[in-house]
Each structure stands twice: as C-alpha cells, then as structure tokens.
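Worksheet: the structure to be examined is printed underneath.
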Amino acid sequence: MTFPAQRLRRTRRTAALRGLVRETRLSPEDFIYPLFVTVGEDVRHPIASMPGVFQLSINHAVDEAKRAHDLGIPGVLLFGLPDEKDEAASGAYDPEGIVQLATRAIKDAVPDMLVVTDVCLCEYTSHGHCGVVEKDTGQVLNDVSLELISRTAASHAEAGADIVAPSDMMDGRVAAVRAELDHEGFENTPIMAYAAKYASAFYGPFREAADSAPQFGDRRSYQMDPANAREALTEVHLDVDEGADIVMVKPALPYLDVLRRVRETTDLPVAAYSVSGEYAMIKAAARNGWLDEKTAVLEALTGIKRAGADIIVTYSAPDVARWLAG
Ligand code: PBG
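Residue numbering for the sequence shown follows this note's numbering, beginning at 1264 and increasing consecutively.
The structure is reproduced here in structure tokens:
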C-alpha cells in the first residue's frame, strides 16, 4: 500500500512533476524595486552595507528603471536624498525636489513603469525623524506632521507618481493623505500604506543608504513593538478604514506570522517589504561563502509570498528576475 504523501514525494523526483505540484511561484511581476535617488550629475555611489545597491543621480535612476522594466518588474519605489535638510523637511514637498524630479524623468523615459513614492519626512529633516519635532520636548508632533506629509504626497502625485506610499506611521496619515490627494484632483491615485511597520533593527543599512538615521532618540514612539501581532491587525483596519488601497507589512522575514494574519484579515492586496537588513544579511553571508546567495534569496522571497504577500518590495528584484529568466 502506498500512501498519497509517499506517492507525491516520489513525483517530486522529476522537475516536471515538482513544477506540477508547486504551490508558490515567484515572478518578476511580484516585485517593486526600491531606488535611492540623489542630487548631482552622474552619481552612482555604492552603499557599503548593501552590496549591489547604489545612490543614483536621476540619469542613472532612469537607466536602472529601464533595466528593471526590461526584466518585467512593474514598479520602482523612490527614496530621495536632498542636498539640504531642515526642521520643516522642505525638500519633501518641494515641487522641484529630488523625488518629484526623478518621478517626472522616469515617467518620461519609461511611461509603463509604475512609480511608487515613499512619502516620509525622515530623509528631509535635519534631525532624521519622520515628523516635525517640538523643540523643547523633542517629541514628534503628530498632527503638524500630517500636514507636511499630505503636502508631500500631493506633490508626488502632481509629478506623476502612480502610487504614494506613506511610511511615517503617524496616526491618521492615510486619511490625511487621501483628503489632500482628493482635494488636489488626484482621486485616482492609490495609497499603499505601510500599515504594520515595526521599529526594527533591520532598517540599519537603509539608514546609511538614505542618510536618515535619527540624530537623537529612536522611532519607537511611532513604529510598532516587534512583540505585537494583534496590534498590526488594528493598524491595518485603521488604514483600510481611512482609505488605504494596498496594505504593507514591514520588515518581512521576522514577521511572516503577521503577514499571514494580515492576508487573512483583508481582501485588499498585501505587500511585504523585505528590508535592507534582510538583503544585507544574505549578501554578507554569501560573501563569506556561508550561504548560497541565489538559493537563499529565492527561498526567502518564496517564503514571503507563501505567507501571503501579493507584492514584495525587494532590493533583489533585478537579480531574481534574471535568475527566474535564466
Ligand atoms: C522611512 C523608511 C524606512 C525604511 C523605508 N522607509 C526607515 C525607517 O523607518 O527607519 C526602511 C527600508 C529598509 O530598511 O529597507 N520611514
């Protein structure tokens, strides 16, 4: 007597049968590829803790977007590095700011590429926090920050962004961004909300890449405690009620249980952000010969998709698209 499980195990001995019973398949269409755009001409500055990732001037960001498009990747996520920072984060909502200029340039050169913009103040504030900070107390002021965040989102939409992605985790940001977009005539611009964003050590390399490490304190007053999963569902419900079109869990690998629960709590598309530290860990181990990069990356991203992600934001998008093609 052969049991079904045994029969299936045997079928997996050939590639064709393995393919036939495979439950989860990665595709370049699953990915959004983050880009760090910086002022200046012809800059391609490597980020030490993220081998293969660069700060790119607009011309190089356009080339990178073209390459990603040719590989079948549908979207890029833009982060901006302004030349100046101040307490009001003015670079964030400047119509001629770095993300606004890059968005226009990419949409001109590769109109089919979806441009998603990260909407946050931390790359533009002199103190590196995601909102406006009250001088005396050092507290991040929620409601004042919302005004600047909404202005930033509307200026991205004005520049041609297809989707805006508020990542600051202030209370009420999705409603505020939605109201401002509607008011400015961008009723059809969707919001991808960083709904469950944890206060994570895995953002370390990103803060080097985006030059956005907080100059004092940390982000624990507005980002979530890694110990909490039910709270993520509350955050997701709030964002959905406020008008989010896509909800995101971030980071991905340490939060697969959260991802699965978010998948089960909403019928909206769910995105997972495989963050800089997840990328850096595998790169570092691979460079030491401790892991096989390709199989490790494919396994990690497959796990993220299996857990429930419809969309994966990953710095590995072009590598994986090439591996899948070849
Ligand atoms: C900005 C923002 C961060 C990331 C995306 N948007 C950093 C942070 O919150 O400190 C991290 C992404 C990554 O690590 O790849 N708020």
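Virtual Cβ for every residue (Gly too), placed ideally from N, Cα, C.
Below 7 Å CB to CB, which residues in the same chain sit around residue 1506 once its five sequence neighbours on both sides are set aside?
As a first step, residue 1506 is located in the sequence shown; it is residue number 243 there, counting from the start. Answer for residue 1506: 1437, 1438, 1441 and 1454, listed in chain order.
Expressed to the nearest angstrom, what Euclidean distance is found between the alpha-carbon atoms of residue 1566 and residue 1399?
By 1-based counting over the sequence shown, the position of residue 1566 is 303. By 1-based counting over the sequence shown, the position of residue 1399 is 136. Cα-Cα distance, rounded: 45 Å.
In chain order, which continuous runs of the beta strand (DSSP E) of length 3 or greater are located wholly inside the stretch 1270 to 1312?
1294 to 1301 and 1307 to 1309
Closest residue to residue 1489 among 1459, 1452 and 1468 (Cα-Cα distance):
Taking the first residue of the sequence shown as 1, we reach residue 1489 at position 226. Answer by Cα proximity: 1459.
Going by other Cβ atoms of all chains shown within 10 Å of its Cβ, with 16 needed for buried, is residue 1388 buried or exposed?
Residue 1388 sits at position 125 when you count from the first residue of the sequence shown. By the neighbour-count rule (16 or more Cβ atoms within 10 Å), residue 1388 is buried.
Thinking residue 1510 and residue 1535 are a contact (beta carbons under 8 Å), I'd like their distance in whole angstroms, please.
Position 247 of the sequence shown, counted from the start, is the residue given in the question as residue 1510. Position 272 of the sequence shown, counted from the start, is the residue given in the question as residue 1535. 10 Å between Cβ atoms; not a contact.
Cutoff 8 Å; reference residue 1486; Cβ partners in own chain excluding five residues on either side
Start at 1 with the first residue of the sequence shown, and residue 1486 comes out as number 223. Excluding positions up to five away in sequence, the list reads 1432, 1460, 1461, 1462 and 1463.
How many Å lie between residue 1309 and residue 1325 at the Cα?
Stepping through the sequence shown from its first residue, residue 1309 is reached at position 46. Stepping through the sequence shown from its first residue, residue 1325 is reached at position 62. Whole-angstrom Cα-Cα distance: 17 Å.
What residue range does the alpha helix (DSSP H) around residue 1538 cover?
In the sequence shown, counting from the first residue as 1, residue 1538 sits at position 275. Note, residue 1538: premise wrong, no alpha helix (DSSP H); not H, not E.
CA-CA distance, residue 1561 and residue 1392?
Translated into the one-based positions of the sequence shown, residue 1561 becomes position 298. Translated into the one-based positions of the sequence shown, residue 1392 becomes position 129. Approximately 33 Å, taken between the alpha carbons.
Separation of residue 1570 from residue 1564, as counted between CA atoms:
Counting from one through the sequence shown, the residue named residue 1564 turns up at place 301. Counting from one through the sequence shown, the residue named residue 1570 turns up at place 307. Near 10 Å, if we compare the C-alpha coordinates of residue 1570 and residue 1564.
When you compare the CB of residue 1361 with every CB in chain B, is at least one pair closer than 7 Å?
Here chain B cannot be found, since the structure has a single protein chain.
Within the same chain, show all residues whose beta-carbon is closer than 7 Å to that of residue 1473, passing over the 5 residues directly before and after it, in chain order.
The sequence position of residue 1473 within the sequence shown is 210, counting from 1. So the qualifying residues of the chain are 1299, 1342, 1344 and 1386.
Is the Cβ-Cβ distance between residue 1360 and residue 1467 less than 7 Å?
What you label residue 1360 is simply residue 97 of the sequence shown in a count that begins at 1. What you label residue 1467 is simply residue 204 of the sequence shown in a count that begins at 1. Contact flag unset, no.
So what does DSSP say about residue 1355, is it helix, strand or coil?
As a position in the sequence shown, residue 1355 is number 92, starting the count at 1. If DSSP states are grouped into helix, strand and coil, residue 1355 belongs with the helices.
Name the two residues that bound the continuous beta strand (DSSP E) containing residue 1509.
For the purposes of this step, residue 1509 is taken as the residue at position 246 of the sequence shown. That run of the beta strand (DSSP E) goes 1509 to 1513.
Please state the DSSP three-state secondary structure of residue 1326.
Mapped onto the sequence shown, residue 1326 falls at position 63. Reduced to three states, the DSSP call for residue 1326 is helix.
Residue 1323 versus residue 1517: straight-line alpha-carbon distance, rounded
Here residue 1323 is taken as the residue at index 60 of the sequence shown, counted from 1. Here residue 1517 is taken as the residue at index 254 of the sequence shown, counted from 1. The alpha-carbon atoms of residue 1323 and residue 1517 are separated by roughly 32 Å.
What are the boundary residues of the beta strand (DSSP E) that includes residue 1318?
Position 55 of the sequence shown, counted from the first residue, corresponds to residue 1318. Segment 1317 to 1319, the beta strand (DSSP E) holding residue 1318.
Reference residue 1448; option with closest CA among 1417, 1427, 1457 and 1470
As a first step, residue 1448 must be located in the sequence shown, where it is residue number 185. Residue 1417 is the option with its Cα nearest to residue 1448.
List the endpoints of the continuous alpha helix (DSSP H) containing residue 1412.
By one-based count along the sequence shown, residue 1412 stands at place 149. Taken as a continuous stretch (DSSP letters only), the alpha helix (DSSP H) holding residue 1412 covers 1405 to 1422.
C-alpha gap between residue 1358 and residue 1367, whole angstroms:
In the sequence shown, the residue the question calls residue 1358 occupies position 95. In the sequence shown, the residue the question calls residue 1367 occupies position 104. Distance between the alpha carbons of residue 1358 and residue 1367 is about 11 Å.
Heavy atom of the ligand PBG less than 6 Å from the Cβ of residue 1461, yes or no?
Numbered from 1 along the sequence shown, position 198 holds the residue referred to as residue 1461. No; taking the cut-off as 6 Å, the Cβ of residue 1461 has no heavy atom of the ligand PBG nearer than that.
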